[in-house]
Amino acid sequence: MYNSQLPTDGSRASKNVSMSHGTDAELFEPKAERHGNERIRILLKSFGLRTSLIRLKVIDALLSAADSERKLGVRGVHTHLLDLDIPLSFLSVREVLKRLCSEGVITLHPDKSYSLHPQAIAILHSEPASDASLKA
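Counting from 1, one number per residue, gives the positions in the sequence shown under the UniProt record's numbering.
Written as structure tokens, this is what we have:
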């Protein structure tokens, strides 16, 4: 009789395997990044936007640039993402930047660089469960 829990290569399954290592997220995702992503998720939610990987990465790129006092345009954000082995098209990055700009999350400057809007920065630095950070 076939047992789907047994290996099919003829070897015996180990019965002493410990499964108490935590969840997949704890094993594969650094805690610091998870905390940063949670702040960005709260930011997107406060502006009424869904969370997507590309939005998380674009906002993270703008935060990194601000931390190192650099300015990034579309090409700079795209290059930053490629350097992190995140294969997104230039057009996808441009569209996300345009959408974030139209929703007021980021600001387009006259030199064609982007930065987080002051209200977005305030939300990122506020308490995570604060109702005052939600957009009216």
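Beta carbons: idealized from backbone N, C-alpha and C, even for Gly.
Cβ pair residue i, residue j closer than 8 angstroms
i, j, result
"L62", "S126", "no"
"L124", "V58", "no"
"V105", "L43", "yes"
"H78", "F90", "yes"
Spatial distance of residue i from residue j (CA atoms)
i, j, result
"G73", "S92", "14 angstroms"
"L41", "L56", "The amino acid at residue 41 is misidentified as Leu; the sequence shows Arg. Taking the straight line from one Cα to the other gives about 7 angstroms."
"I54", "D83", "14 angstroms"
"F28", "K112", "Low confidence applies here, because F28 scores a pLDDT of 43, under 50, leaving its location unreliable and the question unanswered by this model."
"S64", "R70", "8 angstroms"
"R39", "G48", "14 angstroms"
"R50", "S102", "15 angstroms"
"G76", "R94", "11 angstroms"
"L88", "S52", "13 angstroms"
Assigned exposure category for residue i - 16 Cβ within 10 Å defines buried
i, result
"D60", "buried"
"S46", "buried"
"A120", "buried"
"H80", "buried"
"P118", "exposed"
Practice prompt. List in chain order: all unbroken alpha helix (DSSP H) runs of 4+ residues lying wholly within the segment 22-96.
Written response: 24-28, 31-46, 53-67, 74-83
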